[in-house]
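**Q**
Number of protein chains: 2
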Amino acid sequence: MPLPPEFALIARHFRPLAGEGALDLGDDAAVLAVPPGRELVIAADAIVGGVHFLPDDPPDLVARKLLRTNLSDLAAMGAAPLGYLTTVSVPRDTPDAWFAGFAAGLAEDQAAFGLHLLGGDTTSTPGPVSLSLTILGTVAAGCAVRRQGALAGHGVWVSGSIGDGALGLLAARGTLADPDGWLAGRYRLPQPRLALGLRLHGIAAAAMDVSDGLLQDLGHLCRAGGVAAEIDAALVPLSAAARAAVLAEPALLRRCLTGGDDYELLLAVPPAREAALREAARAAGIAVTRIGGFRAGEPRVTLVGYDGAAFESGADGRAHEGWSHFG
Amino acid sequence: MPLPPEFALIARHFRPLAGEGALDLGDDAAVLAVPPGRELVIAADAIVGGVHFLPDDPPDLVARKLLRTNLSDLAAMGAAPLGYLTTVSVPRDTPDAWFAGFAAGLAEDQAAFGLHLLGGDTTSTPGPVSLSLTILGTVAAGCAVRRQGALAGHGVWVSGSIGDGALGLLAARGTLADPDGWLAGRYRLPQPRLALGLRLHGIAAAAMDVSDGLLQDLGHLCRAGGVAAEIDAALVPLSAAARAAVLAEPALLRRCLTGGDDYELLLAVPPAREAALREAARAAGIAVTRIGGFRAGEPRVTLVGYDGAAFESGADGRAHEGWSHFG
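Read top to bottom, the protein sequences are chains A and B. Quick note on numbering: the first sequence equals residues 1 to 327 in this note's numbering. Quick note on numbering: the second sequence equals residues 1001 to 1327 in this note's numbering.
#1: Can you list, in chain order, the residues of the stretch 1005–1036 of chain B whose Cβ is nearer than 9 Å to any Cβ on chain A?
#2: If you pair each beta-carbon of the stretch 1242–1261 of chain B with each one of the stretch 1127–1139 of chain B, do three or more pairs fall below 8 Å?
#3: The alpha helix (DSSP H) spanning Gly-1335/B covers which residue range?
#4: Output yes if chain B places a C-beta closer than 8 Å to the C-beta of Gly-327/A; else output no.
#5: Determine which residues of the stretch 36–65 of chain A have a Cβ less than 8 Å from any Cβ of chain B, and write them out in chain order.
#6: To the nearest angstrom, how far is the alpha carbon of Tyr-1306/B from that of Ala-1171/B?
#7: Is DSSP giving Asp-121/A helix, strand or coil here?
#8: Is there a Cβ from chain B that is less than 8 Å from the Cβ of Thr-258/A?
#9: Excluding the 5 residues preceding and the 5 following Arg-1064/B in the sequence, name in chain order all residues of the same chain whose CB lies nearer than 7 Å to its CB.
#10: Would Asp-1262/B and Val-1210/B be called neighbours here (beta carbons separated by less than 8 Å)?
#11: State the Cα-Cα distance for the pair Glu-264/A and Ala-1043/B, rounded to the nearest angstrom.
#12: Inspect the beta-carbon positions of Asp-1045/B and Asn-1070/B and report whether they are closer than 8 Å.
#13: Return the CA-CA distance between Ala-1319/B and Arg-1255/B, expressed in angstroms with no decimal places.
#14: I want to see whether chain B comes within less than 8 Å of Arg-146/A, judged by CB atoms only; does it?
#15: Below 8 Å between beta carbons is the criterion; list the residues of the stretch 130–155 of chain A that meet it against any residue of chain B, in chain order.
#16: Alpha carbon to alpha carbon, how far is Gly-202/A from Glu-39/A?
#17: Terminal residues of the continuous alpha helix (DSSP H) containing Tyr-1187/B?
#18: Could you name the residues of chain A that Leu-1085/B contacts, counting a contact when the two beta carbons are closer than 8 Å?
#19: Strictly by DSSP, which residues pair up with Leu-215/A?
#20: Could you tell me the distance, in whole angstroms, from the CA atom of Ser-1072/B to the CA atom of Leu-1194/B?
#21: Taking the straight line between their C-alpha atoms, what separation do you get for Val-1139/B and Met-208/A?
#22: Under 7 Å Cβ-Cβ, which residues of chain A neighbour Ala-1076/B?
#23: Thr-123/A CB to nearest chain B CB: under 8 Å?
#24: How many Å lie between Val-288/A and Ala-296/A at the Cα?
#25: Report back the beta-carbon spacing between Gly-83/A and Leu-136/A to the nearest angstrom; my notes put them in contact at under 8 Å.
#26: Between Gly-281/A and chain B, is any beta-carbon pair separated by less than 8 Å?
#27: I want to verify the contact list: residues of chain B whose CB lies under 7 Å from the CB of Ala-224/A, in sequence order.
#28: Indicate the three-state DSSP secondary structure (helix, strand or coil) for Ala-1276/B in the structure shown.
#29: Is there a Cβ of chain A sitting closer than 8 Å to that of Ser-1089/B, yes or no?
#30: Counting only Cβ pairs nearer than 8 Å, list the residues of chain A close to Pro-1128/B.
#31: Can you give me, in chain order, the residues of the stretch 96–124 of chain A that have a beta carbon less than 8 Å from any beta carbon in chain B?
#32: Asp-1217/B versus chain A: which residues are under 8 Å apart at the beta carbon?
#33: Looking at Ala-1206/B: is its Cβ nearer than 8 Å to the Cβ of Arg-1147/B?
#34: With DSSP collapsed to three states, give me the class of Gly-168/A.
#35: Quick one: grab the DSSP three-state call for Ala-18/A.
#36: Taking only beta-carbon atoms, is Asp-1164/B less than 8 Å away from chain A?
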């Protein structure tokens, strides 16, 4: 009594990814224990072909980006990865090689980041490929790092470099030079800052990951903390490739600050914790940069050092053009 | 500094659904404690407009069916609901009323079933509405009811009535008479058998929910247990509406047995536990019916009493036409 085709597909491509608690993907649900003293951290994202990735992107890279953007959410909470579920809706004529590539991407990154598949669903769709991923992690009870917590006097810090993802999208589309492929690579394959995130408890007063654009996301930290922020464009860390692109076309700096797809960590750090942050960053092997500070005031982001002028986010909240799906 | 449109939409429609651990949907992830002595039970489903629901189905019913089909997976594991995450990909011109209706459906059913929203994602899509839902429940450690466990000599039992969902799809499409709307109602709004599921530990040796058709799903129980099953078509419980439809057109019985969308529980129950099962069913207010038994042999489902003849599932596993997305 062989399996019907849908289940054979799951057995072939997804069962090898299943780990503890997944029950070989053969039950109605996964069953797992959260270790004593730990809390569950859980988030979900959806991505759609033609919106979040290019229809002809290699499926292994699509899978890895989907997993990594969710891992970035865990990093922002200071959580360690545990497992994930994914739903895959694809056209009926999707070749087996697409599933093989998608699963190979997941296999590579679940080994790299120490988690495994717990469950999911595979369906057909008359539309573009639509994917969702729910990520599970754990954190010591009471130790999750939240978005709320920024106070006047705290520094605004970011990990890594900002703007590569936004410029990388242009590079991937062929509208921006990218001699060594760095920018496109950063767009296609974010680096979730888990090693840094795991060290943030007791150091960062607030944290989130930068996915919708630095300025928009900093606005979230401001709203959550009830504070204003001022950052200096000249302090925002750019990669060598992004710096070269901005030098050639200065208007691209705005795109770096608003374009999103960074998956870096954005932090509020009290001055007394800066040394600890630098030590944590050294231990994690991830650069951190102070780009400004929080101050008392209505939630608002002020950017200085951009073309010598200061501009503030407008009353409609859209001046900085952070990515929005329903603008 | 007002929220950008996407976040305003989430705040308006989804934040009111958020409960403990969801952090008001304002963080990168939800953080929640699994009570001591309990294990986490988790599953995910995806549904697509034009495949799993009709494009003009009311959004509140779409939401409720999505939530209920996932609750049915918890019921099959003997788990109690805890919370859920949902991803919503919709066309850019989707009216606010669609979101309002979708959220209203979730609100109604999360109150009815005792769970709340923990997180999710909202994106645009150039294709049909694509939804995913990840359900979380808990079960006493070691007490999840699994698909594996059926032994020769156990009875095959089902809850409720079989075939309403499959006939209800025909009724919803207007190709089958449905005078009182019972069948279409059962298709649009499954009844997850949580109250029965919670009582199955120590009674059912194996369980799953019937979503892809009774015969195909019974095949899963057979494979998981390494046993054969024989059921009697005359014993399969049909609702009054389904019985009337089958009397008028006997070929519809096959559709009842293979069509899916039942969301009833399918159980393997040792004879010594039958009295306990009946008592549990009485306490839960849900009918249960013995429709056959498991026996030693290669995994295979034999149906007797159908047109007086017996037919067996074919070597390609598809003779019974359980729903498959990649047939």
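Think of the CB as a built atom: it goes at the ideal place given N, C-alpha and C, for glycine as much as any other residue.
**A** Reading off the structure:
#1: Pro-1005, Glu-1006, Phe-1007, Ala-1008, Leu-1009, Gly-1021, Leu-1023, Gly-1026, Asp-1027, Asp-1028, Ala-1029, Ala-1030, Val-1031, Leu-1032, Ala-1033, Val-1034, Pro-1036
#2: no
#3: Any question about residue 1335/B goes unanswered here, given that chain B covers just 1001 to 1327.
#4: Summary for Gly-327/A: the model assigns pLDDT 38, below 50, so the residue's position carries little reliability; its value from the coordinates is reported in the next sentence. With 8 Å as the cut-off, Gly-327/A counts as an interface residue toward chain B.
#5: Pro-36, Glu-39, Leu-40, Val-41, Ile-42, Ala-43, Ala-44, Asp-45, Ala-46, Ile-47, Val-48, Gly-50, Val-51, His-52
#6: 23 Å
#7: strand
#8: no
#9: Gly-1105, Glu-1108, Asp-1109, Leu-1189
#10: yes
#11: 29 Å
#12: yes
#13: For Ala-1319/B, the predicted model reports a pLDDT of 43, less than 50, meaning its position is unreliable; a value from the coordinates is still stated below. So the alpha carbons of these two residues sit roughly 12 Å apart.
#14: yes
#15: Ser-130, Ser-132, Thr-134, Ile-135, Leu-136, Gly-137, Val-139, Ala-141, Ala-144, Arg-146, Arg-147, Gln-148
#16: 17 Å
#17: 1182–1188
#18: Ile-42, Ala-43, Ala-44, Thr-134
#19: Partner(s): none; Leu-215/A has no beta bridge.
#20: 7 Å
#21: 32 Å
#22: Asp-28
#23: yes
#24: 24 Å
#25: 5 Å
#26: Per the sequence shown, residue 281/A should be read as Ala rather than Gly. So, not an interface residue.
#27: Gly-1026
#28: helix
#29: yes
#30: Thr-125, Pro-126, Gly-127
#31: Leu-118, Gly-119, Gly-120, Asp-121, Thr-122, Thr-123, Ser-124
#32: Neighbours of Asp-1217/B on chain A: none; closest Cβ ~10 Å, over 8 Å.
#33: yes
#34: helix
#35: strand
#36: no
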